[in-house]
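*Asks:* Below is one structure. I have some questions about it.
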Amino acid sequence: MLRYGFFDSEIVGYDEEGMPKFDRAESSDFLAMFISQIISDGVLAAPGDCFQVVASEGMMLKVRPGFGIVRGRFAADTKEAEIEIPKAPTAYKRIDRVVLRVNYLQRLCEIVVKTGTPDATPVPPELLQPASGDFYELCLATVSVNSNQTVIAQAHITDTRYDSSVCGVVTQLIDHLDTSVFFAQLNSFYEEYVARFDGDYADFILKMDSAYQKFYTSLNDLFTGYVDKYNTDYADFTDKMLTAYSQYMQDLNAYFTSLQNKGYSDMADIIQRMSQFETDSEAAFDAWFESVKGKMDGDIGTKAILMLNEQANKLNELEEMLVSGEIHAPLATEDGDILLTESDDVIEAFWYYATK
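Using our numbering, read the sequence shown as starting at 486 and increasing by one per residue.
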């Protein structure tokens with residue numbers, strides 16, 4: 486049944502004792518249940534000495550003012566309280582607890598001392614924290630009591646208020662959202678999405694692979710056709726180039742052969758004519774020279790003889806050039822000036838030709 490609260494009640498009747506009946510009345514348990522759902526058990530974190538247990542005189546302890554929550558019930562004290570530790574054991578030692586307790590039997594919250602059992606290795610008494618029962622306890626401090634001890638010092642007190650396993654501080658319980666249901670829905674959606682995506686992706690891969698194969702085949706056919714055409718055109722081009730080159734070499738060789746033959750023929754004719762000219766000229770010159778040699782006197786005759794000898798030497802040199810195939814002559818400017826080196830040597834040019 487849905488419970489809710491709190492609303493102002495209206496009197497809807499009276500019981501046998503004449504007490505009014507209220508339509509929105511709720512018990513303290515309902516309020517405690519509400520508080521325990523949103524606030525944790527413990528003491529307030531501020532001030533820092535909230536319900537702190539400190540030593541007083543003798544076996545007395547002081548509990549500072551404070552505020553605490555125990556199972557939805559709260560306890561508050563604005564004044565410092567005193568509690569007494571029971572008499573120390575005569576043998577061994579013990580550990581006592583100072584607890585903040587809900588007492589459902591007496592319908593109250595209280596701070597009491599729970600006495601431990603003396604032992605060589607003592608342990609504190611067990612805390613009562615049942616799911617349901619007459620008491621529920623939070624431990625504020627433990628106190629170590631030696632045998633025959635008459636004074637409790639602060640060193641004997643261990644503060645346990647901040648130990649969440651036995652007490653802790655008050656905090657809100659709604660510090661996070663339970664997303665398990667949402668996560669289950671999200672996980673279901675994710676799995677459905679992944680399954681669908683896997684199917685779509687597999688179909689996409691098949692289509693992409695098919696499209697790629699078509700593209701690759703088309704591109705390969707195009708490339709193969711281009712290569713075949715290129716090879717055919719290149720082979721035809723090569724054949725034409727070789728044919729043209731062969732014809733060119735034949736024509737060039739024929740031209741050089743014709744030019745060489747003509748050169749040999751012209752050179753032989755030139756040599757023949759020059760030789761004949763030399764023979765005829767030499768004979769005519771000798772005859773003429775003999776006829777005039779006796780008519781010349783001293784220096785004039787000598788000069789003429791030198792000039793004639795020079796011409797004879799030039800003719801002999803020309804004959805040697807024609808026979809050897811090596812022709813040379815001094816270089817001159819357009820004005821007829823002979824070109825000389827820096828050391829006044831004549832600069833000559835040489836031509837060579839081959840004879841059969």
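By construction, the Cβ of each residue, glycine as well, lies at the ideal position given by its N, Cα and C atoms.
Look at D581 and I570 and say whether their C-beta atoms are less than 8 Å apart.
*Replies:* Working through the sequence shown from its first residue, we reach residue 581 at position 96. Working through the sequence shown from its first residue, we reach residue 570 at position 85. Yes; because the gap between Cβ atoms is below 8 Å, this pair is in contact.
*Asks:* Per the DSSP calculation, N631 is bridged to which residue(s)?
*Replies:* For the purposes of this step, residue 631 is identified with residue 146 of the sequence shown, where counting begins at 1. Answer by DSSP bridge pairing: none, since N631 is not bridged.
*Asks:* With 8 Å as the threshold, decide whether the Cβ of F682 is near any Cβ in chain B.
*Replies:* The structure shown has no chain B; it contains just one protein chain.
*Asks:* Here's the rule: buried if 16 or more other CB atoms are within 10 angstroms of the residue's CB, otherwise exposed. What is L791?
*Replies:* Locating residue 791 in the sequence shown gives position 306, where the first residue counts as 1. With fewer than 16 other Cβ atoms within 10 Å, it is exposed.
*Asks:* Under a three-way DSSP split, which group does V712 fall into?
*Replies:* In the sequence shown, residue 712 corresponds to position 227, counting from 1. V712 falls in the helix class under three-state DSSP.
*Asks:* So, under 8 Å CB-CB, V655 and L529 are touching, yes? Tell me the CB distance rounded to an integer number of Å.
*Replies:* Within the sequence shown, residue 655 is the residue found at index 170, counting from 1. Within the sequence shown, residue 529 is the residue found at index 44, counting from 1. 6 Å between Cβ atoms; contact.
*Asks:* Per the contact definition of three or more C-beta pairs closer than 8 Å, is the region 633-640 in contact with the region 598-611?
*Replies:* They do not touch, by the three-pair rule.
*Asks:* Looking only at its chain, what residues have a beta carbon closer than 7 Å to the beta carbon of A638, apart from the 5 residues adjacent to it on each side?
*Replies:* Taking the sequence shown and counting its residues from 1, one reaches residue 638 at position 153. Correct list, in chain order: A540.
*Asks:* What's the C-alpha gap between C535 and F620?
*Replies:* Mapped onto the sequence shown, residue 535 falls at position 50. Mapped onto the sequence shown, residue 620 falls at position 135. Each residue's alpha carbon lies about 22 Å from the other.
*Asks:* So, is E495 buried or exposed, given that buried needs 16 or more other C-beta atoms within 10 angstroms?
*Replies:* Residue 495 sits at position 10 when you count from the first residue of the sequence shown. Answer is exposed; the Cβ neighbour count stays below 16.
*Asks:* Beta-carbon within less than 8 Å of K479's beta-carbon, same chain only, minus the 5 sequence neighbours each way: which residues are those?
*Replies:* As displayed, the chain neither begins before 486 nor continues past 841, which places residue 479 out of reach and without an answer.
*Asks:* Considering only the beta carbon of each residue, do W624 and C594 sit closer than 8 Å?
*Replies:* Walking along the sequence shown from the start, residue 624 turns up at place 139. Walking along the sequence shown from the start, residue 594 turns up at place 109. Looking at the sequence shown, residue 624 is not Trp but Cys. Cβ atoms of C624 and C594: not closer than 8 Å.
*Asks:* So what's E804 in DSSP terms, helix, strand or just coil?
*Replies:* Position 319 of the sequence shown holds residue 804. Of the three classes helix, strand and coil, the one that applies to E804 here is helix, per DSSP.
*Asks:* Starting from the Cα of T818, find the closest Cα among M806, Q657 and E833 and give me that residue.
*Replies:* Position 333 of the sequence shown holds residue 818. Among M806, Q657 and E833, the Cα nearest to that of T818 belongs to E833.
*Asks:* Grouping DSSP H, G and I as helix and E and B as strand, with all else coil, what is K564?
*Replies:* Against the sequence shown, residue 564 aligns to sequence position 79. In this structure, K564 counts as coil in the three-state DSSP scheme.
*Asks:* Indicate the three-state DSSP secondary structure (helix, strand or coil) for Y686 in the structure shown.
*Replies:* Here residue 686 refers to the residue found at position 201 of the sequence shown. Three-state DSSP puts Y686 in a helix.
*Asks:* What span of residues does the beta strand (DSSP E) with F507 cover, start to end?
*Replies:* Here residue 507 is taken as the residue at index 22 of the sequence shown, counted from 1. Unbroken beta strand (DSSP E) run through F507: P505 to F507.
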